[in-house]
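Listed in order, the protein sequences are those of chains B and L.
Each residue of the first sequence is one higher than the last, beginning at 0 in numbering that gives the first Met the number 0.
Each residue of the second sequence is one higher than the last, beginning at 0 in numbering that gives the first Met the number 0.
Note that CB positions come from ideal geometry on N, CA and C, so glycine has one too.
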Amino acid sequence: MIAGGHAAFNPEPVADFLDAVVLGDGEQAVLAITDVIREWKRAGRPGGRDGLLLRLSGIVYVPRFYDVTYHADGRISNVIPNRPGVSPTVSKHTVMDLDAWPYPRKPIVPVAETVHERYSVEIFRGCTRGCRFCQAGMITRPVRERSITTIGSMVAEGVAASGFSEVGLLSLSSADHSEINEIAVDLADCYEGTNVGLSLPSTRVDAFNVTLADELSRNGRRSGLTFAPEGGSERMRKVINKMVTEEDLIRTVTTAYASGWRQVKLYFMCGLPTETDEDVMAIAGLARKVIAAGREASGRRDIRCTVSIGGFVPKPHTPFQWAAQFPPEVVDARLRALGGALRADRGYGKSIGYRYHDGQPGMIEGLLSRGDRRVGGVILAAWRAGARFDGWSEYFSFERWQRCAEEALAGEPVDLAWYTTRERDYSEVLPWDHLDAGLDRDWLWQDWQDSIAPEGSGFAGEVEDCRWTPCYECGVCPAMGTEIQVGPTGERLDGRRLLPVVGGR
Amino acid sequence: MPVSANTGPAPTRPAVQHLVVRYAKRGKMRFASHRDVARAFERGVRKAGLPIAYSAGFTPHPKISYPGGAPTGVASEAEYLSLALTARQAETQVCQRLNAALPDGIDVIDVTELEGASGGASPGAGTAFGQLEASEWEVVLPGVEPAAAGRAVAEFLARDEAPVERLTDKGVRRFDARAAVLEMRVSEHSAAIGNEDCAILRMVVLHTAPAVRPEDVVTALRGQDGIAPSSPPMTTRLAQGPRALLAGKGTS
């Protein structure tokens, strides 16, 4: 049983159930793993499963080859290899040339309808915006772009092979591609009049992103645009290093409503470090200003704004990995108060939609996010007690998880709250410290300290993006032997010649 | 929600050819819903590169029309749809290209041009598909003795009505399953699944509203001695068409 993907950067809660874990990019690692397995089979399978895992260790993380010891108070004392030849740390894999890996070429297309019915092209990997809550942005560094020409041929071949009528240009922050403008214009040219739609995922708050969306939608329907300010107040956005001013947001949505978009959706989080009731209530004021600006820009009253908000769960390998998660009662109370405030103003209430996630599932997400090997017993107990599809609210039972956590951790000095609402300090060994994403632990700690430092205390809180400003020494590139790979390449897509036309033309 | 929109409505080009496609739902594909099959066809048509016509408006849809599909879970050798094309294509070519593009189990059996519909106007469902008045069904009943099935069928046919209930989206509906059944018999071919005998029913059922499905007929038969299938019946639509054309298929 081999696991991978972003959640594998802390596989400790599921370590009991796994043989091996791949950290980082899978493309080359999969080939390396199959080579080792082939060799091992040819040699007559020496040593059985453990023999194979021993050969694989280093390429992958093999939980059973590490022993975890604990202090009397429940904190981890040490994580050390229990056999010779096993490295004390395991590093992530990084594919440096994404153009050499233009996959998926022929995606599996289920007959049953999926949530995202589209062909997705990853236009770049990694993000260095430095949002402190974002695990994806921390563990996928550095930024590596696909070239415009590779993207063009992936779109053409992917649409032809899948039959999808929509293409998503995906990445952690798609508008940041060095040639996103050329990509949008050229693809829109190629597919104009073909009924093949192009889309971008939710974007940063930036008026330029509206221009991009306009380009991709040309003469079509302009239904909704999504932006992610994440924090309601300017103070909160400084804490999370999402440097968007209220002015930026209003300018962006004004552009959107003025160019015909009817609905703007705004993503927020609740329960961020240092958050107060006022920070969350600021979202209500922001939403009202958005509607007011939209009505003025569009000259219509039927424009809408939807506020979508969920509880924050601290993630491993981020500056917030040491943070205390807010208990569900606090999150729920703030979400209720915000809902009330959004509905209270009769002039705006009907124009503002409100979607939120309850706090309790976030508590269990927090347990799984930052848990250690002792959490494996909780998961097993919950599964035995009937927990299935817990991501679906109709099947989720907070009481069952609480009960199972109490049972499974009965002999331990730790509990659900210990894993979630407790702040960690610098010296504590974290369950994933032996798994190396390349991030300098001291840099993460300093960034955490900067984020929670009171205003005016002299800390330089803001971290800029290293694609456009000097390196801020997060540690990834020297540790992993990697570097930023961005354009521009200067190439263009001559779509009408280059791309086969699919659809009714 | 992502930023999402079409690149704009394509200039609508008129349909110059209407093709009627007969296709089968085989194997695991019988579990694909009608809606999922329809979407698979839309993708298949695009993959095959057919010059499909699109509807006008902000969200253009490919012009593919469907009469009622087989219920989910039921296989079929006789499903139909029609395609409106903006450039004439050879029927055999369309058949081959669709089969290359569609998933296994959604198999195009034949493609025929609908004459007299090239004037641009889309033909109504009635004309496109002839008169799909009734279907011939085969129902395999695992663990049911053919003799017992024969007695139950005779009893059913002798009745004036056979009220059954089915759970629908709108709650439990009660309706008559007898009147729609034009013919029914037990096939002389016996079958065995594992070491169990199976009775095979053949029936011709009118398309009515509310629709009477083969499963409703089996529900009515279940009241009879010996009709307790050991596992869910396997149903296949064998043919669809005017009732006169299907006459005699369900009698021995």
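So, for residue i: in the same chain, excluding its five sequence neighbours on each side, which residues have a beta-carbon less than 6 Å away from its beta-carbon?
| i | result |
| --- | --- |
| S230/L | P141 |
| V163/L | A176, D215, T218, A219 |
| S232/B | D278, A281 |
What's the call for residue i, buried or exposed, on a 16-neighbour Cβ count within 10 Å?
| i | result |
| --- | --- |
| C269/B | buried |
| A243/L | exposed |
| F388/B | exposed |
| T234/L | buried |
| D159/L | exposed |
| H70/B | exposed |
| G480/B | exposed |
| K62/L | buried |
| L136/L | According to the sequence displayed, residue 136/L carries Trp and not Leu. Burial call: buried. |
| T93/B | buried |
| C473/B | buried |
| G118/L | Unreliable placement is indicated for G118/L, whose pLDDT of 45 sits below 50; the coordinate value is still reported in the next sentence. Under this definition G118/L is an exposed residue. |
| D58/B | For the record, residue 58/B in the displayed sequence is Ile; it is not Asp. Buried, by the Cβ-count rule. |
Taking Cβ positions only, does residue i come closer than 9 Å to chain B?
| i | result |
| --- | --- |
| S81/L | no |
| V93/L | no |
| K46/L | yes |
| R34/L | yes |
| R38/L | yes |
| A55/L | no |
| A31/L | yes |
| I199/L | no |
| I108/L | no |
| I105/L | yes |
| M28/L | yes |
DSSP on residue i, reduced to helix/strand/coil?
| i | result |
| --- | --- |
| E116/B | coil |
| C470/B | coil |
| P62/B | helix |
| S173/B | helix |
| E114/L | coil |
| S56/B | strand |
| H33/L | helix |
| W136/L | strand |
| M0/B | coil |
| C304/B | strand |
| E144/L | coil |
| R491/B | coil |
| Q16/L | strand |
| H356/B | coil |
| L271/B | coil |
| R335/B | helix |
| T91/L | helix |
| Q484/B | strand |
| A322/B | coil |
| G129/L | coil |
Show which residues of chain B have a CB atom less than 7 Å away from the CB atom of residue i.
| i | result |
| --- | --- |
| Y65/L | None at all; the shortest Cβ gap to chain B is about 16 Å. |
| P70/L | Neighbours of P70/L on chain B: none; closest Cβ ~16 Å, over 7 Å. |
Could you tell me which chain B residues have their CB closer than 9 Å to the CB of residue i, listed as they occur along the chain?
| i | result |
| --- | --- |
| Y22/L | Those do not exist, as Y22/L stays about 14 Å from chain B at its closest Cβ, beyond 9 Å. |
Which residues in chain L sit within 9 Å of residue i, going by Cβ to Cβ distance?
| i | result |
| --- | --- |
| G293/B | Correct list: empty, because the minimum Cβ distance to chain L is about 16 Å. |
Counting only Cβ pairs nearer than 8 Å, list the residues of chain L close to residue i.
| i | result |
| --- | --- |
| G162/B | E41, R42, G43, V44, R45, K46, A100 |
| V377/B | Within 8 Å Cβ-Cβ: nothing; V377/B doesn't reach chain L, min ~34 Å. |
Can you list, in chain order, the residues of its chain whose CB lies under 8 Å from that of residue i, leaving out five sequence neighbours each side?
| i | result |
| --- | --- |
| G46/B | L53 |
| R491/B | I147, E181, D185 |
| F8/B | L22, K91, Q134, I138, P315, H316, W431, L434, A436 |
| R203/B | R128, S172, A174, D175, F226, A227, V243 |
| E463/B | G129, Y471 |
Using a Cβ-Cβ cut-off of 7 Å (strictly less than) and excluding sequence neighbours within five positions of residue i, which residues of its own chain qualify?
| i | result |
| --- | --- |
| H5/B | Q134, A135, I138 |
| A212/B | L199, L224 |
| A296/B | T253, Y256, A257 |
| D24/B | H92, T93, V94 |
Cβ closer than 7 Å: which chain L residues qualify as neighbours of residue i?
| i | result |
| --- | --- |
| E112/B | D35, R38 |
Taking C-beta pairs closer than 8 Å, name the residues in chain B that residue i reaches, listed in chain order.
| i | result |
| --- | --- |
| P59/L | N194 |
Indicate whether at least one CB of chain L lies closer than 9 Å to the CB of residue i.
| i | result |
| --- | --- |
| H92/B | no |
| E246/B | no |
| V108/B | yes |
| A159/B | yes |
| E490/B | no |
| E116/B | yes |
Can we count residue i as close to the ligand FMN, meaning its CB is less than 8 Å from some heavy atom?
| i | result |
| --- | --- |
| A404/B | The ligand FMN is not part of this structure, which contains no ligands at all. |
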